[in-house]
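Going down the list, the protein sequences come from chains G and P.
Under the working numbering, the residue at position 250 of the first sequence is numbered 250, and the numbers go up by one with no gaps.
In short: position in the second sequence from 1, add 493, done, that's the working numbering.
Take a look at the structure set out below.
Protein chains: 2
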Amino acid sequence: MLRDFVKAARPDENELKKEVKLQQEQLAAYQMQMKEMKLPVMVIFEGWGAAGKGTILGKVIKELDPRFFHVASMAHPTKEEKRYPFLHRYMQEIPEAGKFTFYDRYWMEEITDSLMDGSLSPDQYKKRVVSIIRAERALVDNGYLIMKFFCDISRKEQKSRLKELEKDDNTSWRVTDADWFENSHYDEYQKIYDSYISDTSGTGAPWYIIDSNDSKWGLLQVLRFLNQGIGTALKNSSLAVPVRQNVFPLEPVEKLSSVSLDDKILDEKVYKKKLDKLQNRLSRLHNEIYRCKIPVVIVYEGWDAAGKGGNIKRITAALDPRGYEVEPIPAPEPHEKARFYLWRFWNRLPKDGHISIFDRSWYGRVMVERLEGFCSENDWQRAYNEINEFEKELDDWGAVIIKFWVQIDKDTQLARFTARQNTPEKQWKITEEDWRNREKWDLYEKAVDEMLEKTNTSFAPWHILESNDKKYARIKALEIVISRLEEACCKDR
Amino acid sequence: MLRDFVKAARPDENELKKEVKLQQEQLAAYQMQMKEMKLPVMVIFEGWGAAGKGTILGKVIKELDPRFFHVASMAHPTKEEKRYPFLHRYMQEIPEAGKFTFYDRYWMEEITDSLMDGSLSPDQYKKRVVSIIRAERALVDNGYLIMKFFCDISRKEQKSRLKELEKDDNTSWRVTDADWFENSHYDEYQKIYDSYISDTSGTGAPWYIIDSNDSKWGLLQVLRFLNQGIGTALKNSSLAVPVRQNVFPLEPVEKLSSVSLDDKILDEKVYKKKLDKLQNRLSRLHNEIYRCKIPVVIVYEGWDAAGKGGNIKRITAALDPRGYEVEPIPAPEPHEKARFYLWRFWNRLPKDGHISIFDRSWYGRVMVERLEGFCSENDWQRAYNEINEFEKELDDWGAVIIKFWVQIDKDTQLARFTARQNTPEKQWKITEEDWRNREKWDLYEKAVDEMLEKTNTSFAPWHILESNDKKYARIKALEIVISRLEEACCKDR
Numbered sequence: 001m002l003r004d005f006v007k008a009a010r011p012d013e014n015e016l017k018k019e020v021k022l023q024q025e026q027l028a029a030y031q032m033q034m035k036e037m038k039l040p041v042m043v044i045f046e047g048w049g050a051a052g053k054g055t056i057l058g059k060v061i062k063e064l065d066p067r068f069f070h071v072a073s074m075a076h077p078t079k080e081e082k083r084y085p086f087l088h089r090y091m092q093e094i095p096e097a098g099k100f101t102f103y104d105r106y107w108m109e110e111i112t113d114s115l116m117d118g119s120l121s122p123d124q125y126k127k128r129v130v131s132i133i134r135a136e137r138a139l140v141d142n143g144y145l146i147m148k149f150f151c152d153i154s155r156k157e158q159k160s161r162l163k164e165l166e167k168d169d170n171t172s173w174r175v176t177d178a179d180w181f182e183n184s185h186y187d188e189y190q191k192i193y194d195s196y197i198s199d200t201s202g203t204g205a206p207w208y209i210i211d212s213n214d215s216k217w218g219l220l221q222v223l224r225f226l227n228q229g230i231g232t233a234l235k236n237s238s239l240a241v242p243v244r245q246n247v248f249p250l251e252p253v254e255k256l257s258s259v260s261l262d263d264k265i266l267d268e269k270v271y272k273k274k275l276d277k278l279q280n281r282l283s284r285l286h287n288e289i290y291r292c293k294i295p296v297v298i299v300y301e302g303w304d305a306a307g308k309g310g311n312i313k314r315i316t317a318a319l320d321p322r323g324y325e326v327e328p329i330p331a332p333e334p335h336e337k338a339r340f341y342l343w344r345f346w347n348r349l350p351k352d353g354h355i356s357i358f359d360r361s362w363y364g365r366v367m368v369e370r371l372e373g374f375c376s377e378n379d380w381q382r383a384y385n386e387i388n389e390f391e392k393e394l395d396d397w398g399a400v401i402i403k404f405w406v407q408i409d410k411d412t413q414l415a416r417f418t419a420r421q422n423t424p425e426k427q428w429k430i431t432e433e434d435w436r437n438r439e440k441w442d443l444y445e446k447a448v449d450e451m452l453e454k455t456n457t458s459f460a461p462w463h464i465l466e467s468n469d470k471k472y473a474r475i476k477a478l479e480i481v482i483s484r485l486e487e488a489c490c491k492d493r
Numbered sequence: 494m495l496r497d498f499v500k501a502a503r504p505d506e507n508e509l510k511k512e513v514k515l516q517q518e519q520l521a522a523y524q525m526q527m528k529e530m531k532l533p534v535m536v537i538f539e540g541w542g543a544a545g546k547g548t549i550l551g552k553v554i555k556e557l558d559p560r561f562f563h564v565a566s567m568a569h570p571t572k573e574e575k576r577y578p579f580l581h582r583y584m585q586e587i588p589e590a591g592k593f594t595f596y597d598r599y600w601m602e603e604i605t606d607s608l609m610d611g612s613l614s615p616d617q618y619k620k621r622v623v624s625i626i627r628a629e630r631a632l633v634d635n636g637y638l639i640m641k642f643f644c645d646i647s648r649k650e651q652k653s654r655l656k657e658l659e660k661d662d663n664t665s666w667r668v669t670d671a672d673w674f675e676n677s678h679y680d681e682y683q684k685i686y687d688s689y690i691s692d693t694s695g696t697g698a699p700w701y702i703i704d705s706n707d708s709k710w711g712l713l714q715v716l717r718f719l720n721q722g723i724g725t726a727l728k729n730s731s732l733a734v735p736v737r738q739n740v741f742p743l744e745p746v747e748k749l750s751s752v753s754l755d756d757k758i759l760d761e762k763v764y765k766k767k768l769d770k771l772q773n774r775l776s777r778l779h780n781e782i783y784r785c786k787i788p789v790v791i792v793y794e795g796w797d798a799a800g801k802g803g804n805i806k807r808i809t810a811a812l813d814p815r816g817y818e819v820e821p822i823p824a825p826e827p828h829e830k831a832r833f834y835l836w837r838f839w840n841r842l843p844k845d846g847h848i849s850i851f852d853r854s855w856y857g858r859v860m861v862e863r864l865e866g867f868c869s870e871n872d873w874q875r876a877y878n879e880i881n882e883f884e885k886e887l888d889d890w891g892a893v894i895i896k897f898w899v900q901i902d903k904d905t906q907l908a909r910f911t912a913r914q915n916t917p918e919k920q921w922k923i924t925e926e927d928w929r930n931r932e933k934w935d936l937y938e939k940a941v942d943e944m945l946e947k948t949n950t951s952f953a954p955w956h957i958l959e960s961n962d963k964k965y966a967r968i969k970a971l972e973i974v975i976s977r978l979e980e981a982c983c984k985d986r
């Protein structure tokens, strides 16, 4: 790529100056249009040290309204950040609808540097590439415009710029050992950059290689591509996006209507005995999980009044409070709605060695958001695959993913609703919305069946908890959690 | 990918048999639906020698209607085929709307084998990957469903199958030295397969890795994915496809309205002299082109009666008739319309060392097809980028691409139309349609301006031939062709 990209012809000085101004104005106009259309834009600058990324970036934003853009600089990950999946700290930085984020480096440098110093194996590298391709595609499918610029300069040009910067006391601090190292290993870096660029180009977020040996000309190239790209994105913005082909094998799963409930009962005495034993075991396991740095994600979905809360309590009762978090998931807030719908879940992931228990989750996309029309049909149809890919990210990171569907029948729900209404201290638990949802039982059942069918992967399987008898469901949940954690600990040893 | 793909769990024998039957019936039903919806499907089988591709393929098609599918086997390219771009022989094999083609190997093997024997350099490999990603994406964007299966078996399993096959006289011919070579270099091949699969996965045409150590189970996995994929494709079929971001820098280009015509005249005597000289030079150059095996593609577009035909004649008059082809492009025939719109042009490419002159071309997509509504707005808007990528393929192959827009003004056209109508032997040249097109002059002008702007790449630049004076236009065309060919010959030396 770098060695044979198609170079444009530089206009003469006058022409260039004139066009830069026009393009800057066009960009400012587009900024307002993107704001109106509520489209988020990610503009990523990568390139050689001293290639002039900062200078170009400074001029690109010159005519823009600063209320609607943000500049992010991505340094190398801290020790703390390394306890999360690779994508985590980057996903946190995505812009909200209608705003631009300009990135002074994004996820390229972390990868190419660790390839260069050998801390990333070729196999790990391939995984990173897959992660990036999937993440970028999911963002683009969800309305993000992503434009990636690589500022390219020759070895000679880089050397002379570094020398120039070093001469001046005001700029010499900008030249680091890493810059000189890059210059003295130019060919090796070029090869790595080349691979990275070509490996991550086949998405809706293409690379633009910018000849930056002349910085004014570099600026114009960036502006031209930017405006062109935004023009295309505006044209595309009204289109629905094809559902991507699912590549993960899906395990067969029972339909809710055939789950038998009434024979799943536990005697109080047996329950107490089992509960005690299992909680003790889980408690010990929690330490092991922490020691082995295994992250755990537990998802609870289920009917209203199915007994999720009580079930979760029986799990957390066995856990060290410093090592877990329960995440109740309400309707998204405005700043969450303004971003990719998985963003708020990326922000709620556990650190390695920790457990996050989600009381409702990203599956809201294909249940309540689907049924209440909070997203388009196209959005929720795409979501199955987006969710499988998200969970595959967690799996690749080493997480144990346990998903529970807490199942009751309609009569049981009615009985519990009525009981709640008649018990003053439980009245807060029952709302008008619960009754409305109950009326849509059949629609929900259809959506849940489809969800179970399309997201039951071997790396993140669903488990149905028969919860007409809550005691039975609690014991079953504990047993599953314990068995999955034991399996993970063994693998890790 | 191969070493860590997500494996599904095999059902027991009974379950498996039952499900295979159900899935085969579903596939047969889907075949009819795809036929109705006029959607073309490419199902590609790749994998280890003796992995059972043939057996699986045989059972996949078992319930299908043979009138609507076709099986293609791709061998290694012949010497003749190597004189065309890499994609050429594959593009010829794409199915038409509503039909399935099942491929016993497609473009993977040619690449992985030449990587293995060292005849393909890593840089060339990267180019191939880019070509494939672009081609698959263009096909998918144009309504093709592409599903790629890799049948995976272990080294041990392969060895025992090869031995088994060799034992029987009826099957021993199927085992080649290449199979044994693959088995004895299993790890190296695995690495190459792995790279290829991950490098070509980030498209709308994903890879499915099939655990084929057990062939019945392999069949079921393929059937499951196939039906799932077709289901998704049917859901997507009504959606428009986003216009892809253009990554090639576009050179500025004059608007037609600002092209000055009346000062571009040549005196008859000067013309004759120049013509003679230039044709002699071109004649000599043609030999050189042939010797250096440089393919040449010349495109003529322009207004009716602009003088394309006469212009082309002045070029071909200088050429050896064994070394060029003039391709007049009429409206597409039904079998052409049933395929990707660039298919008929892939089929008309010159061999290396040869010249193809297109009298009208693929640019019909963004002119007549756009204005007459022969394709959707989404289709022609996507076409600029698809055409740039197509031409980049030709450029990467080493072709010289010369594109002429033959320009006249409206008055000149009227004068020529009238003259044609009044000259009996020229009356065939003027039709009702010409008059109708003339009425749409302004719409055409807008479309042409947009076309010139969006497809004026440095590797396939447009040249405007001012043709109010046909002599002027002819000399200019000859000069451009000569200078481009001289440049190419020099580069080649």
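Built from N, CA and C at the ideal position, the CB exists for glycine as well.
Check, Outcome
"Beta-ladder partner(s) of Thr147/G, from DSSP", "According to the sequence provided, residue 147/G is Met. The question's Thr does not apply to it. For Met147/G, which the question treats as bridged, DSSP gives the partners Val43/G."
"DSSP three-state assignment for Ala178/G, whether helix, strand or coil", "helix"
"Sequence ranges, alpha helix (DSSP H) only - wholly within the segment 677 to 743 of chain P, length at least 4", "679 to 692, 708 to 729"
"The segment 76 to 90 of chain G touching the segment 107 to 119 of chain G, judged by at least three CB pairs closer than 8 Å", "yes"
"Segments assigned beta strand (DSSP E), at least 3 residues, entirely inside the segment 745 to 818 of chain P", "789 to 795"
"Sub-8 Å separation of Ser799/P and Leu864/P beta-carbons", "Checking the sequence shown, residue 799/P turns out to be Ala, not Ser. Cβ distance not < 8 Å, so Ala799/P and Leu864/P don't count as in contact."
"Partners in chain G for Ser691/P, counting only beta-carbon separations shorter than 8 Å", "Lys126, Val129, Val130"
"Runs of beta strand (DSSP E) lying entirely within the segment 875 to 962 of chain P, each at least 3 residues, in chain order", "893 to 900, 955 to 959"
"Three-state secondary structure assigned by DSSP to Thr594/P", "strand"
"Chain P contact for Asn246/G (CB, 8 Å cutoff)", "yes"
"Supposed contact pair Met584/P and Trp836/P - C-beta distance, whole angstroms, cut 8 Å", "6 Å"
"As assigned by DSSP and simplified to three states, the class of Ser566/P", "strand"
"Contacting residues, own chain, Cβ-Cβ under 8 Å from Asp634/P (five flanking each side not counted)", "Gly697, Val734, Arg737, Arg875, Glu879"
"Ser705/P and Gly545/P closer than 8 Å at C-beta", "yes"
"C-beta atoms of Lys757/P and Asp902/P nearer than 8 Å", "no"
"Close Cβ partners of Glu862/P (< 6 Å) along its chain, the five nearest in sequence each way excluded", "Cys868"
"Classification of Leu920/P by the beta-carbon crowding that lies within 10 angstroms, buried from 16 upward", "The identity of residue 920/P in the sequence shown is Gln, whereas the question assumes Leu. Exposed is the call here."
"Status (buried if at least 16 other CB within 10 Å, exposed otherwise) for Leu162/G", "buried"
"Residues near Val752/P in its chain [Cβ-Cβ closer than 7 Å; skip 5 each side]", "Gln900, Ile957, Glu959"
"Neighbour flag for Pro917/P against chain G, beta carbons, 8 Å", "no"
"Cβ shell of Leu658/P (< 8 Å), same chain only, five flanking positions each side left out", "Ala543, Thr664, Ser665, Arg667, Val668"
"In DSSP terms, what Glu535/G is bridged to", "Outside the displayed range of chain G (1 to 493) lies residue 535/G, so it cannot be described from this structure."
"Rounded distance between the beta-carbons of Ile153/G and Phe5/G, thought under 8 Å", "Not quite, the Cβ-Cβ distance comes to about 13 Å (not below 8 Å), so this is no contact."
"Cα-Cα separation between Ile723/P and Gln517/P, rounded to whole angstroms", "13 Å"
"C-beta atoms of Leu115/G and Tyr125/G nearer than 8 Å", "yes"
"Cross-chain neighbours of Gln24/G in chain P, by beta carbon under 8 Å", "Those do not exist, as Gln24/G stays about 17 Å from chain P at its closest Cβ, beyond 8 Å."
"Those residues which DSSP pairs with Asp645/P across a bridge", "Asp704/P"
"CB contact flag (Leu16/G, Asn227/G, <8 Å)", "no"
"Val790/P beta carbon less than 8 Å from that of Pro843/P", "yes"
"Alpha-carbon spacing of Pro40/G relative to Gly857/P, whole angstroms", "35 Å"
"Closer than 8 Å to chain P by CB, Ala488/G", "no"
"Distance between Lys531/P and Val553/P (C-alpha atoms, nearest Å)", "21 Å"
"Three-state class that DSSP yields for Val130/G in the structure shown", "helix"
"C-alpha distance - Gln421/G paired with Asp411/G, whole-angstrom precision", "15 Å"
"Near-chain P residues of the segment 403 to 424 of chain G (beta-carbon distance less than 7 Å), N- to C-terminal order", "none"
"Local Cβ density within 10 Å of Pro823/P, reported as buried at 16 or more and exposed below that", "exposed"
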